[in-house]
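Visitor: Pasting in a structure now, in structure tokens, and then I'll have a few things to ask.
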Amino acid sequence: MGQVAEKLTPGQIARVRQRTYLVEEIIKPKRVADSTLVRLSCVDDDNQGQPLEVLWEKELDPEILTGEAWEEVASKGFDDSRLFSAYLNTLKWNCVTSTDPKLFQSPFRAGIRLDAYQLEPLRKALLLPRVNLFIADDVGLGKTIEAGLIAREMLLRKKVKEIFVSCPPSMLLQWKEELEARFGLTFEILDKEYMKRVRRERGFSINPWGTHTRFLVSHRLLIDETYVGPLRDHLGTFRSGSLFILDEAHHAAPSSGAKYAIDSKITRAVRDLAPRFEHRLFLSATPHNGHSNSFSALLEILDPQRFCRGVPVTAKHRDEVIVRRIKEDIREIQGGFPKRNVVQISIDGLLADAPELRLSRLLQEYRQTREERLKNETKRKQAASGLLITGLQQRLLSSIEAFARTLKVHRKTVKRQWEKLQEDSAADVHDLRTLDLLTGIVDSDDDRATLEEDQLQAEEDAQFEAASSATLGPLEDLSAKDLFAHEQKLLDEMTEVAEQSRGKSDARTEKLIEWVRENMCLELGRPGAEWNETRVLIFTEYDDTKRYLVSRLEAAINGSDRAEQRIQIFHGPTPPPKREEIKKAFNTDPRKHPVRILIATDAAREGLNLQAYCHNLFHFDVPWNPSRMEQRNGRIDRKLQSSPEVFCHYFVYQQRPEDRILQVLVRKTETIKEELGSLSQVIDSNLAKTLTQGIRHEFLDSLESEIESADLDDSRRSAIEQDLESARQRQQELREQIDHLRTLLEKSRKSIGLSEEHFQAAITSSLQLMDVEGLQQTHDENGLACFTFPAIDERSGADPTWAETMDTLRVPRKRDQKLWDWRHSSPIRPVVFEDPGLVGDDYVHMHLEQRVVQRLLGRFTAQGFVLHDLSRACFAQAKDSIPRVILLGRLCLYGMGAARLHEELIPVTARWTDPEIREKPLTPYGKDTETKTLSLLDDSLLKAGGMQLTQEIISQLQQAAAGDIHDLLPHLETRGAEYAEEAEQKLASRGAAEAKAMREILQTQQKHIDSTIKRISKLNPKQMQLDFGDEEDEIQQLNANKRYWGKRLEEIKEELKTEPERIQELYTVKASRVEPVGLVYLWPVTG
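Letter 845 of the sequence shown, counting from 1, is numbered 845 in full-length UniProt numbering, and no numbers are missing.
What follows is the structure, given as structure tokens:
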């Protein structure tokens, strides 16, 4: 039975159940007969930080460790030098420290091609005691990679144990794939199917959020109590070691108010969840919607200590937590992004009765006639009628097919009303927001985004029917009836033209097919015509136009080589697995996959990476929303685009009046991009208002002028500039920032000591331990150097669990593909050790967190291997004439939960002399000679072959090992104590500085809230109305904020007592130890 716990104190190192633990807490029994409850945290490399509670007296083998087992070093002879090198390097690569927040680990443990600018979010995150950071970089700069670097670094430093990512539904699979391939992080997508599965397997009472440590969840589910309720239960009021990553975080910002932004459902949901997480990471290229109170509310959700809703954001606090760079600035400074060419394809010389031109004139006349008839109706009814005509016009500009189908619905409804001849036969329109599909589309975060095409079409038709019916108007007098009869005639005429033309190729389609022939398939039209490797992405807003495009292009390419495999379709109802399949196909080398044309609706405009082998894009129709057009362009104009230039094409009918305005919209999109980057959405509402009543032929000049001059109003521009854009790094500052980051990266590279040669050697050593052939270098068809990886799972007697691990080296499995069929048809892919800079599945980038690598190198830190298989001593030959000896230990400083606050390898080097002639104990080298010795160590351990030591020398070294350790150990322990003291001082200084900074942050917030309360209390009613609006929702929101300010002031008083102390506790050392690493002899090649 266990020892009596009288001598047990917190901070001691104990051995329990064959593992080593830090004693965290001791709870004495209330009665003599009871046992002592001891809370422990594991310090072993292969189980670090895992908690354990034991009744000390009841344990069979508890032991308080008072020293380290140095006597076991070299007790079993010498290890192979390459094996020892792999062990030593694995320890070195896993060392972390909190003493210097500028030393990075995660960039060297990720499968990415890293640009220095991407390290800025990581640099800022490591300066924060609690990581609350907003990555507001432009579209296409790699925010996912930046977030992954932070998440991986936090896991390495044991600051995070659980990660929850929320993103739009269409991005779930892409996030999952990126995090696993790039960072070795496996996530589960928590959805209806996952909940059903875990409850079926584990019982209905199981909380699904507790079944894994990393989850992905869609934004939609954050407002569904079925999913959020169990999440709240899992998190409690605060969950230590948890990280919340919110992608497209602007969805959580209050919006919709004209003067004062109002909380939405998602705002309230995220505000409730976010404080339950210890760390928060928000991502958005468009974090500001022009409302200062909305921006401050979003920042308060991120970091309630620094910000408070409705209270002005201070530049100092904002700059501590926000990272914002614009793509054009990065491209100017360091390149890496393509030059964008916007290409106008002009269409001219059409006959006057061409359907596209004639329908434009007829619709204009129909609009004027209808407006004349409804001029005495309510403003709401006139507005609804205007939306209806604008919706018809948008569809006409997209395609005659889309126009014809919608016109049919409208005409049918009007005919029905005409036949009834009832006055006011339909009620007035009470809420124009119910007619959103007349002129808008379903966004990816809309609940209707995944509806089947026919279901969404039915809802759109229903809205057109409602608008048609509600805007019929009375037909009391003769004039109204005459006008209505003329409307009927125009409807009949438009229907006749549209029905005759739908399904036929129009001028745009002919131009598009001509472009395909010239750029993709020169002999298009000839049977078996061959395609080149060019790919093209074609966008349209409407499913009708998409179907029309598919039919015309399929007809055009019919008979060419593999015609049936050349076109893929991506739209809202495309299921997530199919979306991934299409994305992978489009990003696969064109020599390996036949797809050449991707036709997409705007469901594909956000977040998807389609740039691997495509640099041509067509806007078949031009969206009236600049940010939507910019999002489309961003699918190919982004990081890892291999072409130096991308081409974004659009069509203009020179003879059609509406197209003059479309030209202006395209120019405006480019102007906005240059001035505001991805913040174009903040003026979308201004343009939307300008275009509410459509493109009217008689007002083209004024409409063109309005769009050209469309800008943020002064208050919004001022708010954005003050709140956000002043945080943006301008080019000179960005140059300095990037140069500084390069310096930090090189410093970190030297500190971790990771080289490709050592990395490959470590993997090879682990494979050899398994009696498996090592890596074999080869070259692919492009001449890229790569390696073939042995099929570990297929060798005789292989551990069956290796099969799943080796699956990470195969191409991703297709949906519904049977496991064994997939494994049979998907061989192990070639591996590379440097990112080739390509998007695709041709290679596997091996990095320290890749699952196969983790399993192979994990052997060198496994307790059983280190204690039983390794002797932890070796010899090697050096190009030197002096025998040398190196004793290696590892200093570890532990904080709360056995978190490693600081680790470093401590070497003591000396000239070795034969004990038979040694007159005094070994004496450590000075600094310069030690540096040379360590340099020889790195070079020598990798070498195989060469002159071998004689058995006599080996025996001599083995007999001397215990005495050599005895001589050098006191020096190593002294040095360890010095290093520990220095590290503790640095940690204490950092803790004190961050505690002081937090105290100042809270005090500053306290003052700002007080001043805001006083300022608002002095405003007269008129000024209140000007500043905050007079809508009931806006007034309610302001009153809610006022109540919250009072509550927040009370919370700050308590946080001033607890938060600084909590931060200092994070850097308090609970225990330290210097553990054995090994003993190395360097013998001269000369003998």
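Just so you know, even glycine gets a beta-carbon here, dropped at the ideal spot from N, CA and C.
Since we're looking at a predicted model, the values are computed, not measured.
Taking only the alpha-carbon atoms, compute the straight-line gap between H847 and G111 and give it to the nearest angstrom.
Guide: Residue numbering aside, residue 847 sits at position 847 when the sequence shown is read from its first letter. Residue numbering aside, residue 111 sits at position 111 when the sequence shown is read from its first letter. The alpha-carbon atoms of H847 and G111 are separated by roughly 6 Å.
Visitor: Span of the alpha helix (DSSP H) holding T931?
Guide: The sequence position of residue 931 within the sequence shown is 931, counting from 1. That run of the alpha helix (DSSP H) goes 927-941.
Visitor: Decide if K143 is buried, meaning its Cβ has at least 16 other Cβ atoms within 10 Å, or exposed.
Guide: By one-based count along the sequence shown, residue 143 stands at place 143. Buried, by the Cβ-count rule.
Visitor: If you follow the beta strand (DSSP E) that W1083 is part of, which residue opens it and which one closes it?
Guide: Along the sequence shown, read from residue 1 onward, the residue named residue 1083 stands at position 1083. Note, W1083: beta strand (DSSP E), 1071-1084.
Visitor: Cutting at 8 Å between CB atoms, please list the residues of its own chain near G858, excluding the five before and the five after it.
Guide: One-based indexing of the sequence shown puts residue 858 at position 858. Cβ neighbours of G858 beyond the five flanking positions: D46.
Visitor: Using the beta-carbon count (16 or more within 10 Å), is C521 buried or exposed?
Guide: Start at 1 with the first residue of the sequence shown, and residue 521 comes out as number 521. Label assigned to C521: buried.
Visitor: Are there 16 or more other CB atoms within 10 angstroms of the CB of T293, so buried, or fewer, so exposed?
Guide: Along the sequence shown, read from residue 1 onward, the residue named residue 293 stands at position 293. The sequence shown places Asn at residue 293, rather than the Thr named in the question. So N293 counts as buried.
Visitor: Please state whether DSSP places L784 in a helix, a strand or coil.
Guide: Along the sequence shown, one-based indexing puts residue 784 at 784. Reduced to three states, the DSSP call for L784 is coil.
Visitor: Pick helix, strand or coil for Q344, following the three-state DSSP scheme.
Guide: Locating residue 344 in the sequence shown gives position 344, counting from the first residue. Note: Q344 maps to strand in three-state DSSP.
Visitor: So for Q1064, helix, strand or coil by DSSP?
Guide: What you label residue 1064 is simply residue 1064 of the sequence shown in a count that begins at 1. Helix.
Visitor: Short of 8 Å in beta carbon distance, which residues of its chain neighbour K408, apart from the five on each side in sequence? Order them along the chain.
Guide: Residue numbering aside, residue 408 sits at position 408 when the sequence shown is read from its first letter. So the qualifying residues of the chain are T495.
Visitor: Per DSSP, which one or two residues make a beta bridge with C95?
Guide: Here residue 95 is taken as the residue at index 95 of the sequence shown, counted from 1. DSSP lists no partner for C95.
Visitor: By DSSP, does G889 sit in helix, in strand, or in coil?
Guide: In the sequence shown, the residue the question calls residue 889 occupies position 889. Reduced to three states, the DSSP call for G889 is strand.
Visitor: With a cut-off of 8 Å, do at least 3 Cβ pairs link the segment 272-287 to the segment 82-102?
Guide: Touching, no.
Visitor: Does N1041 pass the burial test, meaning 16 or more other C-beta atoms within 10 Å, or should it be called exposed?
Guide: Locating residue 1041 in the sequence shown gives position 1041, where the first residue counts as 1. It counts as buried.
Visitor: Report the option in F307, E460, A960, E162 whose CA atom is closest to the CA atom of F215.
Guide: The count along the sequence shown starts at 1 and reaches residue 215 at position 215. Measuring from the Cα of F215, the nearest candidate turns out to be E162.
Visitor: In or out: N558 buried (at least 16 other Cβ within 10 Å) or exposed?
Guide: Start at 1 with the first residue of the sequence shown, and residue 558 comes out as number 558. By the 10 Å Cβ count, N558 comes out exposed.
Visitor: Restricting to Cα atoms, I'd like to know which of N376, E1000, T931, A402 is closest to A480.
Guide: As a first step, residue 480 must be located in the sequence shown, where it is residue number 480. Out of N376, E1000, T931, A402, N376 has the C-alpha closest to the C-alpha of A480.
Visitor: May I have a chain-ordered list of the alpha helix (DSSP H) segments no shorter than 4 residues that lie completely inside the segment 615-643?
Guide: The segment 615-643 contains these whole alpha helix (DSSP H) runs: 626-633.
Visitor: On the DSSP bridge assignment, give the partners of E167 in chain order.
Guide: Locating residue 167 in the sequence shown gives position 167, counting from the first residue. Note on identity: in this sequence residue 167 is Cys, with Glu being the wrong assignment. The partner list for C167 (beta bridge, DSSP) reads S218.
Visitor: Hey, could you find the ends of the beta strand (DSSP E) N293 is sitting in?
Guide: Working through the sequence shown from its first residue, we reach residue 293 at position 293. Premise fails: N293 lies in the alpha helix (DSSP H), 292-302, not in any beta strand (DSSP E).
Visitor: So, with DSSP's three-state summary, where would you put T909?
Guide: By 1-based counting over the sequence shown, the position of residue 909 is 909. Three-state DSSP puts T909 in a strand.
Visitor: Thinking C-beta only, is I597 closer than 7 Å to A556?
Guide: Taking the sequence shown and counting its residues from 1, the one referred to as residue 556 is at position 556. Taking the sequence shown and counting its residues from 1, the one referred to as residue 597 is at position 597. Going by C-beta atoms, A556 is not nearer than 7 Å to I597.
Visitor: If you check the beta carbons only, do K58 and S35 fall under 7 Å apart?
Guide: Looking up residue 58 in the sequence shown gives position 58. Looking up residue 35 in the sequence shown gives position 35. Result yes, Cβ atoms of K58 and S35 sit closer than 7 Å.
Visitor: Give me the residue from S751, D799, A988, I886 with the minimum Cα distance to L103.
Guide: Numbered from its first residue, the sequence shown carries residue 103 at position 103. That would be S751, whose Cα lies nearest to the Cα of L103.
Visitor: Report all residues from its chain with a CB closer than 7 Å to the CB of D780; omit the five preceding and five following residues, and keep chain order.
Guide: In the sequence shown, the residue the question calls residue 780 occupies position 780. Once the five neighbours on either side are set aside, the close Cβ partners of D780 are C786, P830.
Visitor: Let me know if K1014 comes out buried or exposed under the rule of 16 or more other beta-carbons within 10 Å of its beta-carbon.
Guide: Locating residue 1014 in the sequence shown gives position 1014, where the first residue counts as 1. So K1014 counts as exposed.
Visitor: Given that a residue counts as buried once 16 or more other Cβ atoms are within 10 Å of its Cβ, and exposed if not, what is G257?
Guide: Translated into positions along the sequence shown, residue 257 becomes position 257. Reliability of the predicted coordinates at G257 is poor, the pLDDT of 47 falling under 50, and the value obtained from them is presented with this limitation in mind. With 16 or more other Cβ atoms within 10 Å, it is buried.
Visitor: To the nearest whole angstrom, what separates the beta carbons of T99 and L987, a pair I think is in contact under 8 Å?
Guide: Position 99 of the sequence shown, counting from 1, holds the residue named residue 99. Position 987 of the sequence shown, counting from 1, holds the residue named residue 987. Confirmed, about 6 Å.
Visitor: Output the residue ranges of the alpha helix (DSSP H) runs that lie fully inside the segment 812-842 and measure 4 residues or longer, sorted by chain position.
Guide: List check, alpha helix (DSSP H) in window: 819-825.
Visitor: Roughly how many angstroms lie between the CA atoms of Q768 and M806, to the nearest whole one?
Guide: For the purposes of this step, residue 768 is taken as residue 768 along the sequence shown, with counting starting at 1. For the purposes of this step, residue 806 is taken as residue 806 along the sequence shown, with counting starting at 1. Their backbone Cα atoms lie some 17 Å apart in a straight line.
Visitor: If you follow the beta strand (DSSP E) that R19 is part of, which residue opens it and which one closes it?
Guide: For the purposes of this step, residue 19 is taken as residue 19 along the sequence shown, with counting starting at 1. Where R19 is concerned, the enclosing beta strand (DSSP E) stretches over 19-27.
Visitor: Give me the residue from L128, P907, A269 with the minimum Cα distance to A253.
Guide: Here residue 253 refers to the residue found at position 253 of the sequence shown. It is A269 whose Cα lies nearest to the Cα of A253.
Visitor: Leaving out the 5 sequence neighbours to the left and right, which residues in its chain are closer than 6 Å to E1055 when beta-carbon positions are compared?
Guide: Residue mapping note: residue 1055 aligns to position 1055 of the sequence shown, counting from 1. These residues qualify, in order along the chain: L1002.
Visitor: D329 by DSSP, collapsed to three states: which one?
Guide: In the sequence shown, residue 329 corresponds to position 329, counting from 1. Residue state, collapsed to three classes: helix.
Visitor: When the Cα of P29 is compared with those of V23, E916, L37, which residue comes out closest?
Guide: In the sequence shown, the residue the question calls residue 29 occupies position 29. Measuring from the Cα of P29, the nearest candidate turns out to be L37.
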